Amino acid sequence: LSAVLRPHQREGVKFMYDCVTGVRIPSAHGCIMADEMGLGKTLQCITLMWTLLRQGPDAKPTLNKTVIVCPSSLVKNWDKEIRKWLGGRVNALPVDSGGKDEIDRNLGLSDILSDISGSLYSFCR
Numbered sequence: 001l002s003a004v005l006r007p008h009q010r011e012g013v014k015f016m017y018d019c020v021t022g023v024r025i026p027s028a029h030g031c032i033m034a035d036e037m038g039l040g041k042t043l044q045c046i047t048l049m050w051t052l053l054r055q056g057p058d059a060k061p062t063l064n065k066t067v068i069v070c071p072s073s074l075v076k077n078w079d080k081e082i083r084k085w086l087g088g089r090v091n092a093l094p095v096d097s098g099g100k101d102e103i104d105r106n107l108g109l110s111d112i113l114s115d116i117s118g119s120l121y122s123f124c125r
C-alpha cells in the first residue's frame, strides 16, 4: 500500500500509527482522522488497519480484528475500498442491516461488546 500513498497520506498514516500505538503520547492511544474531502482518508485508514494487523512496535501484530463503524450509507463503499486495496488478504464482513442479535452473531462480539454494538447499530442505522 505504501507504494500508492501520496506524501501527505504517508505522513497521515505515520501520525495515526504513532498516536494509536502510544509512540506520540505514551498515555494516549487514539486519534481522529479529520482531513478534508478528497485527500484519501479511507485509504489512509485502510493502510493503518493493515499495518496494525500485520505488525506493531514490538514486531508482532497489534490487532487481530478491527471494526469499522460508519453510517450505513457508507458500508458498501468501505467494503469496496477494502477489497480494492487489500483483496483477499483480509476477511471483510460488511454489515449494514439486521438486528442486534444478527450483528452480534456475524461479528462474534463478546458479551462485553454486546451493549455497545446495539448502541452503535442504532446510531449508525
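Numbered according to UniProt numbering, the sequence shown spans residues 1 to 125. C-beta atoms are modelled at their ideal positions from N, C-alpha and C, and glycine is treated no differently. The structure presented is a predicted model; accordingly, all values stated were derived computationally and were not measured.
Looking at C-beta atoms only, is the number of pairs between the segment 65-81 and the segment 23-39 that lie closer than 8 angstroms three or more? no
Where residue 81 sits in the DSSP three-state scheme: helix
Task: Closest residue to residue 9 among 84, 38, 72 (Cα-Cα distance) - done: 38
task: Return the chain-ordered list of same chain residues with a C-beta closer than 7 angstroms to the C-beta of residue 83, the five sequence neighbours on each side being excluded.
output: 92
State yes or no: is the C-beta of residue 53 within less than 9 angstroms of the C-beta of residue 61? yes
key: 9 angstroms Cβ cutoff met for residue 58 and residue 44   = no
Is the Cβ-Cβ distance between residue 96 and residue 72 less than 9 angstroms? yes
* Put residue 99 into one of helix, strand or coil per three-state DSSP. => coil
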